[in-house]
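K.L.:
In this note's numbering, the protein residues as written are 13 to 331. Note that CB positions come from ideal geometry on N, CA and C, so glycine has one too. For clarity, every value in this text was computed on a predicted model and none was experimentally measured.
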């Protein structure tokens, strides 16, 4: 009888632990709040995003910790830091919650048009010059998609920054992402007519050493440029007088006769056509140190691609 009682007590304890774990797993709102707080590092930021009181967010985290019997964050008046258990829990739960959301979304999309928030990142110049003019047509086709366009000349982390689609230029390093080519790009050497009157016209890649050069702040562009034609290939070291991360700013400096710039066709094709800028060395194909000049669409590797991601990607590729 004593053994039986011990066994029954042990079973009760195991059942209690199972119930706690089951409650924590089933309360997905608490888990999603935890994931949001972990990413933001702040109760207040999450409260603002969800239009809740900070105390409500705090209570959700407390409830989840009580269910799990684990402290997920260390809190002080100034800092909120994940514990080791919190970090481990995030790594396990983030992909599970994503898969659950995608499973629900896949069912909804069988009967409904693509909808929901679509978070897209691109460089500031590409967003302004290429994407923005297409948005009216996209909104007409897909009015239920709420597009959040994050324009940045820094490469955002797609997971931590909750990016659905990233538009990236040139060399790609992350092999864990799904990649589609968006467009091939040709780079042009350009400057104003006023600059040529003051400094002369370069006739060869080597002549550029005597000129005022402007370039991007990226590794592939700031130290050398590569020139290719049918017979020759040259890579020349450059010493730019101006380095900028934003293509639209470099273009404006070229228009203002600051110097010679290397810019993508989508940035300056209209300026060349109208005579605002002059194309130099037109018989050469020019790029940064890496000759991969394409622009790509990227999104996280998933078994199921949300319809909103698919239709946006297809729209950009076909328009």
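1. Could you have a look at residue 264 and say whether DSSP puts it in helix, strand or coil?
2. Measuring straight from C-alpha to C-alpha, what distance separates residue 161 and residue 243?
3. Give me, in chain order, the residues of the same chain whose beta-carbon lies closer than 6 Å to that of residue 98; leave out the 5 immediate sequence neighbours on both sides.
4. For residue 176 and residue 130, what's the separation of their Cα atoms in angstroms?
5. Which ranges does the beta strand (DSSP E) cover as unbroken runs of at least 3 residues, wholly within the segment 53–111, from first to last along the chain?
6. Per DSSP, what kind of secondary structure is residue 282 in: helix, strand or coil?
7. Can the beta-carbon of residue 126 be found less than 8 Å from the beta-carbon of residue 157?
8. Could you have a look at residue 197 and say whether DSSP puts it in helix, strand or coil?
9. Hey, would you say residue 234 sits closer than 8 Å to residue 252, going by beta carbons?
10. Can you tell me whether residue 180 is buried or exposed, with buried defined as 16 or more other CB within 10 angstroms of its CB?
11. Identify, in the order they occur along the chain, each residue of the same chain with its Cβ nearer than 8 Å to the Cβ of residue 203, setting aside the five sequence neighbours on each side.
12. Which runs of the alpha helix (DSSP H) fall wholly inside the segment 110–175 and span at least 4 residues, in chain order?
13. Mind checking whether residue 306 and residue 195 have CB atoms under 8 Å apart?
14. Apart from the five residues on each side of it in sequence, which residues of its chain come closer than 6 Å, Cβ to Cβ, to residue 111?
15. Specify the secondary structure class of residue 50 as computed by DSSP and reduced to three states.
16. If you follow the alpha helix (DSSP H) that residue 321 is part of, which residue opens it and which one closes it?
17. So what does DSSP say about residue 225, is it helix, strand or coil?
18. Residue 44 by DSSP, collapsed to three states: which one?
19. Out of 136, 320, 308, which has the shortest C-alpha to C-alpha gap to residue 10?
20. Tell me the rounded alpha-carbon separation between residue 296 and residue 246.
21. Out of 257, 78, 44, which has the shortest C-alpha to C-alpha gap to residue 102?
22. Measuring CA to CA, which of 171, 137, 65 is closest to residue 260?
23. Alpha carbons only, please: which of 79, 76, 105, 54 is nearest the one belonging to residue 90?
24. On the DSSP letters alone, give me the boundaries of the beta strand (DSSP E) that residue 215 sits inside.
25. Could you pull the start and end residues of the beta strand (DSSP E) that residue 333 belongs to?
26. Considering only residues of the same chain and omitting the five flanking positions on each side of residue 287, which have a CB-CB separation below 6 Å?
27. May I ask you to list the residues that DSSP assigns as paired with residue 256?
28. Evaluate residue 331 with the Cβ neighbour count: other Cβ atoms within 10 Å of its Cβ, from every protein chain shown; 16 or more gives buried, anything less gives exposed.
29. Could you tell me the boundaries of the beta strand (DSSP E) in which residue 309 lies?
30. Could you tell me whether the segment 275–286 touches the segment 56–76, using the rule of 3 or more Cβ pairs below 8 Å?
P.N.:
Reading from the atomic positions:
1. The residue you call residue 264 lines up with position 252 of the chain shown. Residue 264: helix per DSSP, three-state reduction.
2. Locating residue 161 in the chain shown gives position 149, counting from the first residue. Locating residue 243 in the chain shown gives position 231, counting from the first residue. For residue 161 and residue 243, the distance between alpha carbons rounds to 43 Å.
3. Your numbering for residue 98 matches position 86 in the chain shown. Cβ contact annotation for residue 98 (same chain, cutoff 6 Å, sequence separation greater than five): 84, 85, in chain order.
4. Taking the chain shown and counting its residues from 1, the one referred to as residue 176 is at position 164. Taking the chain shown and counting its residues from 1, the one referred to as residue 130 is at position 118. C-alpha separation (whole angstroms): 6 Å.
5. 85–87, 92–94
6. Reading the chain shown from its first residue, position 270 is the one you call residue 282. Helix, per DSSP.
7. Along the chain shown, read from residue 1 onward, the residue named residue 126 stands at position 114. Along the chain shown, read from residue 1 onward, the residue named residue 157 stands at position 145. Closer than 8 Å, so yes.
8. Mapped onto the chain shown, residue 197 falls at position 185. Looking at residue 197 - three-state DSSP - the assignment turns out to be coil, as it is neither helix nor strand.
9. As a working mapping, residue 234 is identified with position 222 in the chain shown. As a working mapping, residue 252 is identified with position 240 in the chain shown. Yes, the Cβ-Cβ distance between residue 234 and residue 252 is below 8 Å.
10. Taking the first residue of the chain shown as position 1, residue 180 is located at position 168. When all chains shown are included, residue 180 counts as buried.
11. Translated into positions along the chain shown, residue 203 becomes position 191. These residues qualify, in order along the chain: 266, 269, 271, 272, 273, 289, 290, 292.
12. 147–153
13. Counted from its first residue, the chain shown places residue 306 at position 294. Counted from its first residue, the chain shown places residue 195 at position 183. Yes. Within cutoff.
14. As a working mapping, residue 111 is identified with position 99 in the chain shown. Cβ within range, chain order: n/a, list empty.
15. As a first step, residue 50 must be located in the chain shown, where it is residue number 38. Three-state result, residue 50: helix.
16. Sequence index remark: in the chain shown, residue 321 carries index 309 (1-based). Taken as a continuous stretch (DSSP letters only), the alpha helix (DSSP H) holding residue 321 covers 319–330.
17. Here the question's residue 225 lines up with position 213 in the chain shown. In this structure, residue 225 counts as strand in the three-state DSSP scheme.
18. The residue given as residue 44 occupies position 32 in the chain shown. Residue 44: helix per DSSP, three-state reduction.
19. Outside the displayed range of the chain (13 to 331) lies residue 10, so it cannot be described from this structure.
20. Residue numbering aside, residue 296 sits at position 284 when the chain shown is read from its first letter. Residue numbering aside, residue 246 sits at position 234 when the chain shown is read from its first letter. For residue 296 and residue 246, the distance between alpha carbons rounds to 10 Å.
21. The residue labelled residue 102 in the question sits at position 90 within the chain shown. Answer by Cα proximity: 44.
22. Position 248 of the chain shown holds residue 260. Looking at the Cα atoms, 137 is the closest of the given residues.
23. Along the chain shown, one-based indexing puts residue 90 at 78. Out of 79, 76, 105, 54, 54 has the C-alpha closest to the C-alpha of residue 90.
24. Your numbering for residue 215 matches position 203 in the chain shown. Where residue 215 is concerned, there is no enclosing beta strand (DSSP E), given that its DSSP letter is neither H nor E.
25. No answer is possible for residue 333: it lies beyond the span of the chain, which begins at 13 and ends at 331.
26. Sequence index remark: in the chain shown, residue 287 carries index 275 (1-based). Taken in chain order, the list of residues that qualify is empty.
27. By 1-based counting over the chain shown, the position of residue 256 is 244. BP columns for residue 256 point to 228.
28. What you label residue 331 is simply residue 319 of the chain shown in a count that begins at 1. By the neighbour-count rule (16 or more Cβ atoms within 10 Å), residue 331 is not buried but exposed.
29. As a first step, residue 309 must be located in the chain shown, where it is residue number 297. Its beta strand (DSSP E) spans residues 307–312.
30. no
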